[in-house]
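In my numbering, the protein residues as written are 131 to 276.
Even glycine gets a Cβ: it sits at the ideal position worked out from N, Cα and C.
Computed from a predicted structure; not experimentally measured.
Report on one structure; see the data block that follows.
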Amino acid sequence: MHIIDTPTFIVDLNDLQLEPMGSWELNVFYDNPDIGPMVGKAIFTMMGFQESISASLDLTWTQETLSSSALPADLDGQLTNNSVQFQLHIDDVEWQLAPFVCHGRSVTNNSSRYEGKWQVACISPETCGGDCTGTEGEFSLTKISN
């Protein structure tokens with residue numbers, strides 16, 4: 131019996147070494163129908179391997195003079211010189227049902243700022259009856275230091 135060798139291009143996930151990619155700032159803009167415009171903000175260290183990115187962060191929502199406590203969140207996706215796409219999973223009762231799915235483009239020559247759109251599925255199916263398509267908004271992702 132011959133055992134097939136593992137192809138050399140397959141990497142064991144335990145062998146991946148994520149490298150720091152500097153400090154970044156994420157701003158998530160949300161027009162809350164009940165209380166008006168809100169901004170979710172987090173400053174964090176991005177980790178990456180090739181085009182894959184990952185981060186654990188604390189997101190704080192602010193609305194004029196109100197702000198939430200920091201909510202733990204995870205960001206996972208891909209970052210290239212031209213574009214970014216990621217999912218933001220917020221560990222909070224209101225937001226944990228579905229991730230923010232984010233797609234954006236670089237708006238600077240040095241790929242230090244990305245802007246785009248996010249969408250999240252219905253976050254309140256018990257009150258809307260599950261008929262809504264969710265909500266959407268804009269985001270920015272900016273590198274603030276190496």
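- In the three-state DSSP reduction, Cys258 falls in the helix class (H, G or I).
- Excluding its 5 nearest sequence neighbours in each direction, Asn211 has C-beta neighbours in its own chain below 7 Å: Ser236, Ser241, listed in chain order.
- Out of Asp204, Phe230, Phe269, Ser198, the CA that lies nearest to the CA of Phe174 is found in Asp204.
- Listed as beta-bridge partners of Gly166 by DSSP are Asn162.
- The three-state secondary structure of Ile253, taken from DSSP, is coil.
- Restricting attention to Ser254, Ser197, Cys232, Asn239, the CA atom closest to the CA of Phe269 is found in Cys232.
- Linking Thr195 to Ala251 through their CA atoms gives a straight-line distance of about 28 Å.
- In the three-state scheme derived from DSSP, where H, G and I count as helix and E and B as strand, Gln147 is classed as coil.
- A distance below 7 Å between beta-carbons, with the five flanking residues on each side excluded, links His219 to the following residues of its chain, in chain order: Ala203, Asp204, Pro229.
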